[in-house]
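Accompanying notes for the structure given below.
Numbering (this note's numbering), first residue to last: 51 to 262.
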């Protein structure tokens, strides 16, 4: 009789507590972070139950740090397409691909400029100078005009891509004025061009269009 009373008391107490003695305790509803998963940053709302956690490379603004890499052809086409575009931004790869191509073209042009000059000077003391030096002098003058035109047409797009690169690093166009400082200014601008893309809230220009 006492055993039955004790059994009934246990059953009643279990029901009053919201379950039976045989019922398993409630499980932890939110899955713990998996191995290799980045924990929530300070100020970032942690993933809710059933919500996919942020992937690697994705920030709290649902934008990706690892943007697609800009190719050399895409970058150079964008350079001339945005000839006078001072409003958008250009990635680090987009800038340096353009500098590489322009550097190669400049080397070729100046090589064409120097070779006929050296040839003309070599014929200067020769008895055949009147016959051979003249064409080389003409070639030198023609190459010089081409180099001048090449440098002239690149002034505006060069300034535009530098401003767009500054926007990509979160800096305004005013920073291009550092280039006016002799020697040190060029180094400062070069360092700016080496900085990677900056993201909000550090970069207020991030939401403008990206051009290569």
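For every residue, glycine included, the Cβ atom is placed at its ideal position computed from N, Cα and C.
By the Cβ neighbour-count rule, residue 125 is buried, with 16 or more other Cβ atoms within 10 Å of its own. At least 7 Å separates the beta-carbon of residue 242 from that of residue 217. Comparing alpha-carbon positions, the option among 128, 195, 220 and 246 lying closest to residue 207 turns out to be 128. Put simply, the backbone Cα of residue 252 is about 17 Å away from that of residue 244. In the structure shown, residue 139 adopts extended strand secondary structure according to DSSP, grouped into three states.
In this structure, residue 163 sits near residue 193, with a CB-CB distance shorter than 7 Å. Counting C-beta pairs with one atom in each stretch, the segment 142 to 161 and the segment 197 to 216 have three or more that are closer than 8 Å, which means they touch. Residue environment analysis places residue 139 among the buried positions, since at least 16 neighbouring C-beta atoms fall within 10 angstroms of its C-beta. Only residues of its own chain outside the window of five on either side were considered, and among them 186, 189, 190 and 193 have a CB closer than 7 Å to the CB of residue 166, listed in chain order.
Leaving aside the five residues that flank residue 155 on each side, the residues in its chain whose CB is nearer than 8 Å to its CB run, in chain order, 200. By the CB criterion at 7 Å, residue 159 and residue 197 fall inside the cutoff. Checking the DSSP bridge columns, you'll see residue 260 partnered with 139. Cβ atoms of residue 226 and residue 239 come within 8 Å of each other, at about 7 Å. If you look at residue 254, you'll find it isn't in any alpha helix (DSSP H); DSSP assigns it neither H nor E.
Taking the Cβ atoms as the reference, residue 135 lies roughly 7 Å from residue 261, within the contact range of under 8 Å.
Residue burial is scored here from C-beta neighbours: residue 222 has fewer than 16 other C-beta atoms within 10 angstroms and is therefore classed as exposed.
Here residue 247 really is in contact with residue 141; their C-beta atoms are around 6 Å apart, less than 8 Å.
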